(Lines of atoms letter the chains of each structure in order from A and count residues from 1; the text may use other names and numbers.)
(Lines give C-alpha, C1' and ligand atoms only; values in the text may rest on other atoms or scores of the structure.)
Protein backbone atom coordinates (compact mmCIF):
# COMPACT_ATOMS: atom_id res chain seq x y z
CA UNK A 1 0.00 0.00 0.00
CA UNK A 2 2.77 2.44 0.95
CA UNK A 3 4.90 1.45 -2.05
CA UNK A 4 2.04 2.03 -4.50
CA UNK A 5 1.37 5.45 -2.99
CA UNK A 6 5.06 6.34 -3.36
CA UNK A 7 5.12 5.04 -6.96
CA UNK A 8 2.04 7.02 -7.94
CA UNK A 9 3.48 10.18 -6.43
CA UNK A 10 6.61 9.75 -8.57
CA UNK A 11 4.51 9.35 -11.76
CA UNK A 12 2.43 12.36 -10.84
CA UNK A 13 5.52 14.48 -10.19
CA UNK A 14 6.99 13.43 -13.55
CA UNK A 15 3.76 14.42 -15.27
CA UNK A 16 3.80 17.89 -13.71
CA UNK A 17 7.50 18.37 -14.48
CA UNK A 18 6.97 17.55 -18.18
CA UNK A 19 4.01 19.89 -18.38
CA UNK A 20 6.03 22.64 -16.68
CA UNK A 21 8.94 22.20 -19.10
CA UNK A 22 6.60 22.34 -22.10
CA UNK A 23 4.99 25.55 -20.89
CA UNK A 24 8.28 27.31 -20.07
CA UNK A 25 9.99 26.46 -23.37
CA UNK A 26 10.01 29.42 -25.76
CA UNK A 27 11.81 29.23 -29.06
CA UNK A 28 14.38 31.87 -30.03
CA UNK A 29 12.11 33.13 -32.84
CA UNK A 30 9.26 33.67 -30.42
CA UNK A 31 11.54 35.42 -27.94
CA UNK A 32 12.95 37.76 -30.59
CA UNK A 33 9.49 38.48 -31.97
CA UNK A 34 8.25 39.44 -28.51
CA UNK A 35 11.12 41.87 -28.04
CA UNK A 36 10.77 43.37 -31.54
CA UNK A 37 7.05 44.12 -31.22
CA UNK A 38 7.47 46.08 -28.00
CA UNK A 39 6.54 49.75 -28.13
CA UNK A 40 9.04 52.12 -26.57
CA UNK A 41 7.66 53.51 -23.31
CA UNK A 42 7.64 57.27 -22.76
CA UNK A 43 6.35 58.48 -19.40
CA UNK A 44 5.35 61.93 -20.73
CA UNK A 45 3.32 60.41 -23.55
CA UNK A 46 1.49 58.15 -21.09
CA UNK A 47 0.83 61.08 -18.76
CA UNK A 48 -0.77 63.15 -21.52
CA UNK A 49 -2.74 60.18 -22.84
CA UNK A 50 -4.16 59.36 -19.40
CA UNK A 51 -4.89 62.97 -18.48
CA UNK A 52 -6.80 63.50 -21.76
CA UNK A 53 -8.86 60.35 -21.17
CA UNK A 54 -9.70 61.43 -17.63
CA UNK A 55 -11.00 64.84 -18.81
CA UNK A 56 -13.42 63.29 -21.30
CA UNK A 57 -15.11 60.96 -18.86
CA UNK A 58 -15.38 63.31 -15.89
CA UNK A 59 -18.70 64.84 -14.93
CA UNK A 60 -19.41 66.96 -11.83
CA UNK A 61 -22.21 65.53 -9.75
CA UNK A 62 -23.97 67.27 -6.87
CA UNK A 63 -24.72 65.40 -3.72
CA UNK A 64 -27.58 66.03 -1.34
CA UNK A 65 -26.59 68.21 1.60
CA UNK A 66 -27.33 67.14 5.17
CA UNK A 67 -30.37 68.82 6.75
CA UNK A 68 -29.54 72.10 8.44
CA UNK A 69 -26.47 72.81 6.31
CA UNK A 70 -26.92 75.72 3.90
CA UNK A 71 -26.20 75.22 0.23
CA UNK A 72 -22.99 77.25 0.11
CA UNK A 73 -21.39 76.04 3.31
CA UNK A 74 -22.12 79.08 5.48
CA UNK A 75 -22.32 78.00 9.11
CA UNK A 76 -25.83 78.20 10.56
CA UNK A 77 -26.57 81.12 12.87
CA UNK A 78 -28.66 78.98 15.23
CA UNK A 79 -27.55 75.80 16.94
CA UNK A 80 -29.21 72.65 15.59
CA UNK A 81 -32.47 71.73 17.24
CA UNK A 82 -32.22 68.52 19.22
CA UNK A 83 -35.36 66.45 19.22
CA UNK A 84 -36.05 64.42 22.32
CA UNK A 85 -37.22 60.91 21.53
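Numbering (UniProt numbering), first residue to last: 1 to 85. Glycine is no exception: its CB is placed at the ideal position from the N, C-alpha and C atoms. Bear in mind the structure is a predicted one, so any value in this text is a computation, not a measurement.
(request) Write down the C-beta distance between residue 71 and residue 65 rounded to the nearest angstrom, noting that I regard them as a contact closer than 8 Å. (result) In the chain shown, the residue the question calls residue 71 occupies position 71. In the chain shown, the residue the question calls residue 65 occupies position 65. About 7 Å separates the two Cβ atoms, so the contact holds.
(message) Please return the same chain residues whose Cβ sits closer than 6 Å to the Cβ of residue 50, not counting the five positions on each side in sequence.
(response) On the chain shown, position 50 is the one that residue 50 refers to. No residues qualify anywhere along the chain.
(request) Would you identify the three-state DSSP class for residue 49, choosing helix, strand or coil? (result) Here residue 49 refers to the residue found at position 49 of the chain shown. Helix at residue 49.
(request) Measure the C-alpha to C-alpha separation of residue 40 and residue 74 and round it to an integer number of angstroms. (result) Within the chain shown, the letter at position 40 stands for residue 40. Within the chain shown, the letter at position 74 stands for residue 74. Answer to the nearest angstrom: the Cα atoms are 52 Å apart.
(request) May I have the straight-line CA-CA distance separating residue 77 from residue 48, to the nearest angstrom? (result) If you number the chain shown from 1, residue 77 lands on position 77. If you number the chain shown from 1, residue 48 lands on position 48. So the two alpha carbons sit approximately 47 Å from each other.
(request) Taking only the alpha-carbon atoms, compute the straight-line gap between residue 23 and residue 61 and give it to the nearest angstrom. (result) In the chain shown, the residue the question calls residue 23 occupies position 23. In the chain shown, the residue the question calls residue 61 occupies position 61. Answer to the nearest angstrom: the Cα atoms are 50 Å apart.
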